[in-house]
Amino acid sequence: MPTGCYIYRTAESNFKPKQSRKYGKTSLEWLEWLSHSQNICIKHQFNGKEQRIGHRHLPVDGWCAETKTIYKFHGCFFHGCPCQEEHTNTVNGKSMADLLSTTKKNTTYLKHYGEVIEMWECQWLDMRTSPDIKHFLDSKFPNCNPKWEMTQQQVLKNIVDGNLFGIVECDISVPDHLRTYFAEMQPIFKNANISRDDIGEFMYSYAIKHDILKQPRRSLIGSYYGEK
323 MPTGCYIYRT AESNFKPKQS RKYGKTSLEW LEWLSHSQNI CIKHQFNGKE
373 QRIGHRHLPV DGWCAETKTI YKFHGCFFHG CPCQEEHTNT VNGKSMADLL
423 STTKKNTTYL KHYGEVIEMW ECQWLDMRTS PDIKHFLDSK FPNCNPKWEM
473 TQQQVLKNIV DGNLFGIVEC DISVPDHLRT YFAEMQPIFK NANISRDDIG
523 EFMYSYAIKH DILKQPRRSL IGSYYGEK
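Listed below in structure tokens is the structure:
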């Protein structure tokens with residue numbers, strides 16, 4: 323199953339591609355390269371849940387449980403990298419010196435909980451031009467994000483041709499001659515948090531016996547009511 327920052331298109335925007343996450347794609351490249359080149363498993367926000375470290379619950383970009391290694395990717399503009407010509411971050415109003423000081427303090431804190439591997443954005447942008455890394459990134463993150471808009475027919479054709487892969491949300495109209503056959507099928511499918519109390523008696527007993535569904539779980543269900 324593919325993981326990472328996905329692209330979505332909606333009819334309202336003429337199927338123009340949009341990134342699911344505004345930030346994080348560059349750090350994902352670095353983490354995936356490390357996982358590949360060092361043959362290790364790194365947990366991050368795109369393949370699971372973002373790890374938080376220590377009593378401060380400080381979020382980190384990557385975490386390898388096997389080696390107790392912490393990975394931090396520093397965006398130059400928001401972490402005060404010396405490569406920045408501006409003296410002040412124009413988004414949050416903090417000085418680059420203060421941002422760099424905070425970054426160093428956080429790194430010192432994290433070192434109490436394991437080895438810390440750091441990468442600055444400018445360093446990675448330089449490294450990723452090497453042939454080996456470029457080849458890996460091109461194969462791992464194929465260019466499926468053209469800037470142009472698409473029509474509905476173009477989207478369908480690209481799906482049929484295998485150029486687009488993913489999940490499609492659409493309305494389904496039942497032909498008149500099949501309405502009787504599908505009369506008892508729930509008209510709405512939606513995602514909802516399901517707990518043991520929401521399921522039938524048989525499945526409730528099954529969940530208790532096999533010690534599953536202890537916490538509510540988000541699932542796709544059929545329903546006779548609900549919002550689109």
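Sequential numbering from 323 applies to the sequence shown in our numbering.
Every residue gets a Cβ at the ideal spot worked out from N, C-alpha and C, and that includes glycine.
Since the model is a prediction, treat every value here as computed from it, not as a measurement.
Proximal residues to residue 411 (C-beta, below 7 Å), its chain only, five neighbours per side dropped: 399, 400, 418, 421
Rounded to the nearest angstrom, how far is the Cβ of residue 489 from that of residue 435, given a contact under 8 Å? The Cβ separation is near 37 Å, so there is no contact.
Whose C-alpha, out of 364, 506, 481, 416, is nearest the C-alpha of residue 402? 416
Leaving aside the five residues before and after residue 453 along the sequence, list all residues of the same chain whose C-beta is less than 6 Å from its C-beta, in chain order. none
For the stretch 376-446, list the beta strand (DSSP E) runs that are entirely contained and at least 3 residues long, ordered along the chain. 384-386, 391-396, 437-442
Hey, out of 477, 374, 448, 328, whose CA is closest to residue 347's CA? 328
Can you look up residue 455 in the DSSP assignment and give me helix, strand or coil? helix
Just the Cα atoms here: how many angstroms apart are residue 428 and residue 388? 22 Å
Kindly list the residues whose CB is nearer than 6 Å to the CB of residue 372, restricted to its own chain and excluding five residues on each side of it in sequence; keep chain order. 381
Can you name, in chain order, every residue of its own chain whose Cβ lies under 6 Å from the Cβ of residue 477, other than the five neighbours on each side? 337
Relative to the alpha-carbon of residue 306, which residue among 450, 506, 511 has its alpha-carbon at the smallest distance? With the chain represented from 323 up to 550, any question about residue 306 goes unanswered, as that position is not in the structure.
Is residue 480 helix, strand or coil when you go by DSSP? helix
Between residue 396 and residue 443, how many whole angstroms is the CB-CB distance? I'm expecting something under 8 Å. 6 Å
Scan the stretch 491-540 and note each continuous alpha helix (DSSP H) run of 4 residues or more that stays entirely inside, going in chain order. 523-531
Please identify the residue among 537, 370, 487, 446 whose C-alpha is closest to the C-alpha of residue 516. 537
Between residue 323 and the rest of its own chain, which residues show a CB-CB distance below 7 Å, the 5 nearest in sequence each way excluded? Because the pLDDT at residue 323 is just 48, under 50, the model does not fix this residue reliably, and the point stays unresolved.
Between the stretch 518-529 and the stretch 494-503, are three or more C-beta pairs nearer than 8 Å? no
Return the chain-ordered list of same chain residues with a C-beta closer than 8 Å to the C-beta of residue 296, the five sequence neighbours on each side being excluded. Residue 296 lies beyond the residue range present for the chain, which begins at 323 and ends at 550; the question has no answer from this structure.
Nearest-angstrom Cα distance between residue 494 and residue 526? 32 Å
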